[in-house]
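Asker:
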Amino acid sequence: MLKKIIISFIISMLIPSLSFAKEPSWKAYSTLLNNYTSLHENDIAWVNYTQIKKDQAFDKVLTELESFSIEQLSTPKEKIAFYINAYNIYAIKMVLEHLTVKSIRDIGSWLHPVWKKKIGIIGNKAVTLDYIEHSVLRNLGEPRIHFAIVCASKSCPNLFKEPYIAQKLEKQLQDATISFLENSYKGINVIHGELYVSKIFSWFKKDFHKYEGVLPFISEYSPLKLGMEISGYLDYNWELNGQ
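Using our numbering, you'd call the opening residue of the sequence shown number 2 and step up by one each time.
1. Can you give me the C-alpha to C-alpha distance between Lys169 and Ala153, rounded to a whole angstrom?
2. Could you spell out the range, first to last residue, of the beta strand (DSSP E) harbouring Ile108?
3. Going straight from the alpha carbon of Thr129 to that of Glu72, what length do you get?
4. Taking Cβ positions, are Thr38 and Ala29 nearer each other than 8 Å?
5. Alpha carbon to alpha carbon, what distance is there between Ser199 and Gly188?
6. Kindly give me the distance between the Cβ atoms of Val96 and Tyr50, rounded to whole angstroms, as I take these residues to be in contact under 8 Å.
7. Do you know how far the Cα of Lys211 is from the Cα of Lys205?
8. Beta-carbon within less than 7 Å of Tyr165's beta-carbon, same chain only, minus the 5 sequence neighbours each way: which residues are those?
9. Using a Cβ-Cβ cut-off of 7 Å (strictly less than) and excluding sequence neighbours within five positions of Lys80, which residues of its own chain qualify?
10. Are there three or more Cβ pairs, one per stretch, closer than 8 Å when the region 53-66 is compared with the region 88-107?
11. Given a cut-off of 8 Å on the beta-carbon distance, is the pair Ile179 and Tyr222 in contact?
12. In terms of DSSP beta bridges, what is Trp47 paired with?
13. Per DSSP, what are the beta-bridge partners of Asn190 in this structure?
14. Spatial neighbours of Leu225 within its chain, please: CB distance less than 6 Å, with the 5 preceding and 5 following residues excluded, ordered by chain position.
15. Tell me which residue opens and which closes the beta strand (DSSP E) that Tyr237 is part of.
16. If distances are taken between C-alpha atoms only, which option among Pro25, Lys23, Glu42 comes closest to Asn242?
17. Threshold first: 4 residues or longer. Then list the alpha helix (DSSP H) segments lying entirely within the region 74-105, N to C.
18. On the criterion of 16 or more Cβ atoms from any shown chain inside 10 Å, does Gly228 qualify as buried, or is it exposed?
19. Going by the CB atoms, is the gap between Ile105 and Leu63 shorter than 8 Å?
20. Does Lys119 come out as helix, strand or coil in the three-state DSSP assignment?
21. Look up Ala273 in the DSSP assignment and say whether it is helix, strand or coil.
22. How would you label Trp111, buried or exposed, when you count the other beta carbons within 10 angstroms and need 16 or more for buried?
23. Identify, in the order they occur along the chain, each residue of the same chain with its Cβ nearer than 6 Å to the Cβ of Phe202, setting aside the five sequence neighbours on each side.
24. So for Ile150, helix, strand or coil by DSSP?
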């Protein structure tokens, strides 16, 4: 009897519990991303919001997101991956609820911008896009999240065709960062020998301190050589990244 107890204890310590997953499966979300995103002009990932709204699979995506117990997220990577997906899903939801807008910013007002509108429930708490970005993700100390969260606009990073997951997070963030910086329309661009970068690097400049600043960060993820100075910022196009 004692032997059985010891064996059971060892198994319980070595094998993760089967009663819950450490992260959502994101199967419905993965299918949706593959079916309704495609590259368009200026290498912008175009989102077919009209078709997503017609597809009941999006309801499954929301259900999986909002029914997941966030207490199961035990590592920074799990939290980062989960909340990147949450932000992107809720940005899509915001557009679906206001499908005629030309920009996500048209949804809100000066006094109550879209970023501060309650959009869903995570862990029994009503959340906004602002809360997910500033109160959760930015506090996790990973500046590359700025190239993974997608605010439904043309100058935002591209919405990739796969959900973010902890196991692949390092590569996914690296790919997202490189992809964004390679895009001269919205990432970085050298014009007549002068360097212009995304306004993301102005808005969130302090987030790049762990890389000793914006320019060392850019140099690490692009062919840009250290020594250039930022001459200005690229226009930020807030038009919707789809229709």
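Beta carbons are placed, not taken as given, at the ideal position from N, Cα and C, and that holds for glycine.
Since the structure is predicted, the reported quantities are computational estimates derived from the model, not experimental observations.
Answerer: Let's see:
1. CA-CA distance, Lys169 to Ala153, rounds to 24 Å.
2. From DSSP, Ile108 is part of no beta strand (DSSP E); its letter is neither H nor E.
3. For Thr129 and Glu72, the distance between alpha carbons rounds to 19 Å.
4. Taking 8 Å as the Cβ cut-off, Thr38 and Ala29 do not qualify as a contacting pair.
5. Whole-angstrom Cα-Cα distance: 5 Å.
6. Sure, about 5 Å apart at Cβ, within 8 Å.
7. Checking the sequence shown, residue 205 turns out to be Phe, not Lys. One C-alpha to the other measures close to 13 Å.
8. So the list reads Ala82, Ile85, Asn86, Ala149, Gln173, once near-sequence residues are dropped.
9. Only Leu74, Leu141 meet the Cβ criterion.
10. Inter-segment contact for the region 53-66 and the region 88-107 is present: three or more beta-carbon pairs are separated by less than 8 Å.
11. Yes; because the gap between Cβ atoms is below 8 Å, this pair is in contact.
12. Residue pairing for Trp47: DSSP places it in a beta bridge opposite Ser39.
13. According to DSSP, which records beta bridges pairwise, Asn190 is partnered with Tyr197.
14. For Leu225, where only same-chain residues beyond five positions count, the Cβ hits under 6 Å are Ile219.
15. First-last for Tyr237: undefined, no H or E at that position.
16. Selected option, being the one with the closest Cα: Glu42.
17. Listed in chain order, they are 77-97.
18. Exposed, by the Cβ-count rule.
19. No, Cβ-Cβ distance for Leu63 and Ile105 is not below 8 Å.
20. In the structure shown, Lys119 falls within a strand segment according to DSSP collapsed to helix, strand and coil.
21. The structure shown has nothing for residue 273, since the chain only spans 2 to 244.
22. Result: exposed.
23. Cβ within range, chain order: Val215.
24. Here DSSP, grouped into helix, strand and coil, assigns Ile150 to coil.
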